[in-house]
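Undergrad: This is the structure, below, for whatever I ask next.
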Amino acid sequence: MRAPAALVATAALVAATAMVVPAHASATSCYGGAATLHYGDGAFFGPYTASSRCTDINMRLTAGTSAEVYACVVFIDHTQDCNRWTTVPKGSWRTIATDVLDGTRFEVLLGVPLEGDDATVQIAF
């Protein structure tokens, strides 16, 4: 009787591990393809093409004198206008455009709160 109990416990552990790994793997593949941009080198970045790695366009501020940046996505095959401004604070990832179809071409406009601030950001798409 002990063998079946051990087998059930092992199977449960394997099933739990299998359920956890894909969620982590998908997050890694999205952010793993991130591009690094330096505000100060310019304010308009791209063009980029959305990929199957991420459903959304994500950004995080990683370094620089600015505590936050303002980001706006322009879907260049459809408009020259900014979709909406998003504040991206230093540290964690922030979604700057949602439900972006694979193959969509876009540019990112960045701004900082104070003249003279610099910023390094990552963008995952």
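Note that this note's numbering has the sequence shown beginning at 27, numbered continuously upward.
Yeah, the Cβ is synthetic: ideal placement off N, Cα and C, and Gly gets one too.
Quick test of your reading: G90 and D143, contact by CB under 8 Å. State the CB separation rounded to the nearest angstrom.
TA: 7 Å
Undergrad: How big is the Cα-Cα spacing for F132 and Y57?
TA: 18 Å
Undergrad: Pull up the distance between the alpha-carbon of R124 and that of T112, whole angstroms please.
TA: At residue 124 the sequence reads Thr, which differs from the Arg that was named. Going from the Cα of T124 to the Cα of T112 covers about 12 Å.
Undergrad: Which term fits A61, buried or exposed, when burial requires 16 or more other beta carbons within 10 angstroms of its beta carbon?
TA: exposed
Undergrad: When the Cα of D82 is compared with those of L135, D128, A145, which residue comes out closest?
TA: D128
Undergrad: Residue range of the beta strand (DSSP E) that R120 falls in?
TA: 120 to 123
Undergrad: How many Å lie between P115 and V126 at the Cα?
TA: 22 Å
Undergrad: May I ask you to report which of helix, strand or coil DSSP gives G90?
TA: G90 carries a strand assignment under DSSP once its states are collapsed to helix, strand and coil.
Undergrad: Taking G66 as the reference, give the member of M85, F151, L135 with the closest Cα.
TA: L135
Undergrad: If you drop the 5 nearest sequence neighbours on each side, which residues of the same chain put their C-beta closer than 7 Å to that of I102?
TA: P73, R131, F132, E133
Undergrad: Express the C-alpha separation of R120 and P139 in angstroms, rounding to a whole number.
TA: 17 Å
Undergrad: Sorted by chain position, which residues of the same chain lie with C-beta nearer than 8 Å to A145's C-beta, five sequence neighbours on each side aside?
TA: H64, Y65, G66, L87, A89, G90, T91, S92, V95, L136, V138
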